[in-house]
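According to the working numbering, the sequence shown holds residues 13 to 195 in order. The beta-carbon is built from N, C-alpha and C at its ideal position, and this holds for glycine as well. Every value quoted in this text rests on a predicted model; they were computed, and no experiment measured them.
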Amino acid sequence: MYEALDAAGTKPSDIVGVVGIGGLGHMAIIFAKAMGCQVTALSSSAEQRGRALQLGAKGFWDTTLRSGINHESPINVLLVCSNEVPDLENLMHLLARRATIVLMTIQQKSLTIPYMPFILPGHRLIASTEASRRNHIEMLKFAARHGIKPQIEEFPMTLDGVAKAFQKLEEGKMRYRGVLCAE
């Protein structure tokens with residue numbers, strides 16, 4: 013997530029939108045807040061609101077709402093951390109002029125971009141799925157300086173533990189990060 017924020021050229025004055033409050037999204041909220049940004053969490057699940065606010069988001073947006081609804085603070089950097097890219101048509105009205113959309117999602121489906129709402133305000137679309145060694149080192153220093161740690165769920169490093177971790181992950185019930193621990 014540090015790499016994605018860096019690739020987008022994120023500044024402390026930016027409002028960062030985070031789509032998906034899972035393993036990547038929760039770290040996006042924590043990193044963006046530590047960088048001094050205001051964060052708006054976006055999810056199709058209203059039950060994520062409390063979690064997002066606890067992690068440091070200042071606002072929450074239900075992605076099932078249709079466009080045309082005013083949003084007080086336009087988003088400069090939108091990090092898409094959900095398991096699939098949401099309908100971007102529903103999110104365009106939330107973006108500031110020249111916003112950067114960063115895709116973190118790995119999916120096989122084609123990406124559909126609403127042409128005029130994307131082009132006219134001068135938005136940019138980038139992907140960020142890998143970080144350089146330099147960026148990893150900078151991220152670790154930043155995380156140490158700000159006390160950043162992921163929220164984890166521990167499983168024993170056994171065949172049964174691995175099976176339970178994967179089952180929870182595949183069912184979409186893993187909260188944030190699953191970690192295998194030696195007993």
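Exercise for review: Would you please state the rounded distance, in angstroms, between the beta carbons of Leu54 and Trp73? I believe it to be under 8 Å.
Suggested key: Counting from 1 along the sequence shown, the entry for residue 54 is found at position 42. Counting from 1 along the sequence shown, the entry for residue 73 is found at position 61. Indeed, because the Cβ distance is near 5 Å, the residues count as touching under 8 Å.
Review point. Using the C-alpha atoms, what's the distance from Thr75 back to Gly29?
Key: By one-based count along the sequence shown, residue 29 stands at place 17. By one-based count along the sequence shown, residue 75 stands at place 63. Spanning the two alpha carbons is a distance of roughly 11 Å.
Check your understanding: For Ala44, which option in Leu181, Lys23, Leu77, Val174 has the closest C-alpha, if you only look at C-alpha atoms?
Key -> Translated into the one-based positions of the sequence shown, residue 44 becomes position 32. Here the closest residue by C-alpha is Lys23.
Practice item. Quick one: which unbroken beta strand (DSSP E) runs of 3-plus residues sit fully inside the region 15 to 54? Chain order, please. Key: As far as the region 15 to 54 is concerned, its whole beta strand (DSSP E) runs of at least 3 residues are 27 to 31.
Practice item. Return yes when the Cβ of Arg136 is within less than 8 Å of the Cβ of Thr112, no when it is not. Key: Residue numbering aside, residue 112 sits at position 100 when the sequence shown is read from its first letter. Residue numbering aside, residue 136 sits at position 124 when the sequence shown is read from its first letter. Yes, the pair counts as a contact, with Cβ atoms nearer than the cut-off.
**Study point:** CB-CB length for Phe167 against Gly159, believed under 8 Å
**Key:** In the sequence shown, counting from the first residue as 1, residue 167 sits at position 155. In the sequence shown, counting from the first residue as 1, residue 159 sits at position 147. About 25 Å; that fails the 8 Å criterion.
**Study point:** For Ala175, three-class secondary structure by DSSP
**Key:** Position 163 of the sequence shown, counted from the first residue, corresponds to residue 175. Here Ala175 sits in helix by DSSP.
Point to revise | Limits of the unbroken beta strand (DSSP E) element including Ile164 | key: As a working note, residue 164 is residue 152 in the sequence shown. It spans 164 to 168 - the beta strand (DSSP E) in which Ile164 sits, taken as one unbroken run.
Point to revise | Cut-off 7 Å between Cβ atoms - residues of its own chain near Asp18, not counting five sequence neighbours on either side | key: Taking the sequence shown and counting its residues from 1, the one referred to as residue 18 is at position 6. The residues are Asn147.
Review point. Could you give the residue range of the beta strand (DSSP E) that holds Ala139?
Key: Translated into positions along the sequence shown, residue 139 becomes position 127. Looking at the DSSP string, the run of the beta strand (DSSP E) that includes Ala139 is 136 to 139.
**Study point:** Within the region 55 to 134, ranges of the beta strand (DSSP E) (whole runs, at least 3 residues)
**Key:** 71 to 74, 87 to 92, 107 to 115
**Study point:** Range covered by the beta strand (DSSP E) that runs through Arg189
**Key:** Position 177 of the sequence shown, counted from the first residue, corresponds to residue 189. Looking at the DSSP string, the run of the beta strand (DSSP E) that includes Arg189 is 189 to 193.
Check your understanding: In its own chain, which residues sit with a C-beta less than 8 Å from the C-beta of Ile125, not counting the 5 before and 5 after it?
Key -> In the sequence shown, counting from the first residue as 1, residue 125 sits at position 113. Only Leu100, Leu137 meet the Cβ criterion.
Check your understanding: Can you tell me whether DSSP reads Met186 as helix, strand or coil?
Key -> As a working note, residue 186 is residue 174 in the sequence shown. It is coil, neither helix nor strand.
Review point. Going by C-alpha distance, which of Arg63, Leu171, Leu103 is nearest Gly37?
Key: If you number the sequence shown from 1, residue 37 lands on position 25. Cα-wise, what sits closest to Gly37 is Arg63.
Exercise for review: Would you tell me roughly how many angstroms separate the C-alpha atoms of Ala177 and Met186, rounded to the nearest one?
Suggested key: Locating residue 177 in the sequence shown gives position 165, where the first residue counts as 1. Locating residue 186 in the sequence shown gives position 174, where the first residue counts as 1. Inter-residue distance for Ala177 and Met186 is about 8 Å (C-alpha atoms, whole angstroms).
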